[in-house]
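Numbering (our numbering), first residue to last: 17 to 361.
Written as structure tokens, this is what we have:
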């Protein structure tokens with residue numbers, strides 16, 4: 017079963033790394049960034065801004081623009097090959113540190129909601145094959161051409177991620193596509209390096225069963241456990257924070273030490289400060305409450321997972337001195353910083 021997490025197509029919770037990869041790919045074909053970003057409410061300055069958050073809908077719209085601009089038939093595969101695991105933060109490093117590729121497959125499915133999931137996927141094991149299965153989650157919202165583009169890209173991503181993790185020998189043996197051959201089968205087989213079959217009931221990528229027992233190049237049990245915990249926290253935050261509250265929460269978490277003001281966040285969202293305040297009030301919260309929540313959660317993570325001093329943590333979460341931070345932490349959590357770090361009551 018797919019993980020039970022709902023990520024709405026218009027919810028802005030993802031860094032723009034996929035849009036950046038798309039822009040860089042088609043720039044080599046002479047398609048400028050303003051064409052790619054038309055109608056997305058984004059420009060190249062947003063893509064280069066570390067605080068920018070984007071939605072799945074914006075990425076799909078950018079793909080539609082690229083298709084309309086007559087991008088090369090190989091574009092989706094080229095984008096997928098650019099999206100290495102290093103672009104995915106804790107999710108990507110969690111995958112690379114998996115104990116075996118079976119663990120990699122499980123981890124990838126469990127936490128896929130952290131990776132701008134325009135296409136959802138699962139996997140299954142059969143007697144003679146390990147199979148990635150791809151699902152058309154937003155089919156009712158997108159064109160057939162965009163649907164096919166996203167499936168091609170996702171297959172190339174899965175292959176790239178396994179190559180990043182297990183090396184050049186880890187390649188698929190067959191790919192199935194739930195749409196017809198458009199006369200460019202040779203491009204599919206060139207990029208995937210395997211037999212490609214069209215007009216199938218589902219889209220799948222097949223690997224030999226021995227793949228599952230392979231040990232990743234950077235396998236590390238302790239690192240993987242820590243990163244899994246971090247992904248669990250991010251998943252809970254994605255579940256708990258939706259709407260405008262979720263967007264503000266994510267923007268604040270991306271910029272510790274220099275939290276953006278309410279005015280800066282409103283500008284990033286292309287609305288007035290007054291409108292942002294009204295939207296937050298409608299969701300039962302305000303900027304100060306969200307900021308305190310982010311500061312508190314970051315402080316707990318630092319206390320429980322690092323050896324940073326209380327003074328350094330205070331600076332990290334926006335306090336000029338440790339005493340004010342310690343008082344605020346007790347107010348947020350009901351515990352002292354020492355109790356949080358050492359498990360005291």
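The beta carbon of each residue, even a glycine, is placed where N, CA and C say it ideally should be.
Residue i (DSSP reduced to helix, strand or coil)
{"i": "residue 335", "result": "coil"}
{"i": "residue 19", "result": "Low confidence applies to residue 19: its pLDDT is 39, below 50, so where it sits in the model is not reliable enough to give any reading."}
{"i": "residue 140", "result": "strand"}
{"i": "residue 176", "result": "helix"}
{"i": "residue 70", "result": "strand"}
{"i": "residue 205", "result": "helix"}
{"i": "residue 190", "result": "strand"}
{"i": "residue 210", "result": "coil"}
{"i": "residue 351", "result": "coil"}
{"i": "residue 164", "result": "helix"}
{"i": "residue 247", "result": "helix"}
{"i": "residue 170", "result": "helix"}
{"i": "residue 79", "result": "helix"}
{"i": "residue 234", "result": "coil"}
{"i": "residue 38", "result": "helix"}
{"i": "residue 63", "result": "helix"}
{"i": "residue 360", "result": "The predicted model places residue 360 with a pLDDT of 48, which falls under 50 and marks its position as unreliable; any figure quoted below should be read in that light. Three-state DSSP puts residue 360 in coil, outside helix and strand."}
{"i": "residue 50", "result": "helix"}
{"i": "residue 182", "result": "helix"}
{"i": "residue 345", "result": "helix"}
{"i": "residue 195", "result": "coil"}
Closest Cα partner of residue i within the set the options
{"i": "residue 334", "options": "56, 309, 158", "result": "309"}
{"i": "residue 128", "options": "151, 225, 327", "result": "151"}
{"i": "residue 126", "options": "100, 248, 320, 165", "result": "248"}
{"i": "residue 204", "options": "250, 354, 167, 142", "result": "167"}
{"i": "residue 113", "options": "149, 90, 321, 182", "result": "182"}
{"i": "residue 56", "options": "28, 345, 142, 41", "result": "28"}
{"i": "residue 105", "options": "78, 250, 89", "result": "250"}
Spatial distance of residue i from residue j (CA atoms)
{"i": "residue 180", "j": "residue 337", "result": "43 Å"}
{"i": "residue 234", "j": "residue 307", "result": "36 Å"}
{"i": "residue 36", "j": "residue 228", "result": "32 Å"}
{"i": "residue 19", "j": "residue 139", "result": "Its pLDDT being 39, under 50, residue 19 is placed unreliably by the model, and the measurement read from it follows with that caveat. The alpha-carbon atoms of residue 19 and residue 139 are separated by roughly 12 Å."}
{"i": "residue 299", "j": "residue 292", "result": "11 Å"}
{"i": "residue 212", "j": "residue 95", "result": "19 Å"}
{"i": "residue 267", "j": "residue 26", "result": "16 Å"}
{"i": "residue 245", "j": "residue 118", "result": "19 Å"}
{"i": "residue 144", "j": "residue 226", "result": "9 Å"}
{"i": "residue 289", "j": "residue 200", "result": "50 Å"}
{"i": "residue 330", "j": "residue 341", "result": "6 Å"}
{"i": "residue 232", "j": "residue 175", "result": "14 Å"}
{"i": "residue 209", "j": "residue 222", "result": "12 Å"}
{"i": "residue 192", "j": "residue 30", "result": "29 Å"}
{"i": "residue 350", "j": "residue 303", "result": "21 Å"}
Residues sharing a beta bridge with residue i, DSSP
{"i": "residue 84", "result": "Partner(s): none; residue 84 has no beta bridge."}
{"i": "residue 147", "result": "140, 222"}
{"i": "residue 30", "result": "70"}
Go through the segment 255-335 residue by residue and report every complete run of the alpha helix (DSSP H) that reaches 4 residues or more, in order. Within the segment 255-335, the complete alpha helix (DSSP H) runs of at least 4 residues fall at 259-270, 278-284, 289-298, 303-321, 326-332.
4 or more residues per run - each alpha helix (DSSP H) lying fully within the segment 95-137: Within the segment 95-137, the alpha helix (DSSP H) runs of at least 4 residues that lie entirely inside it are, in chain order, 105-112, 117-126.
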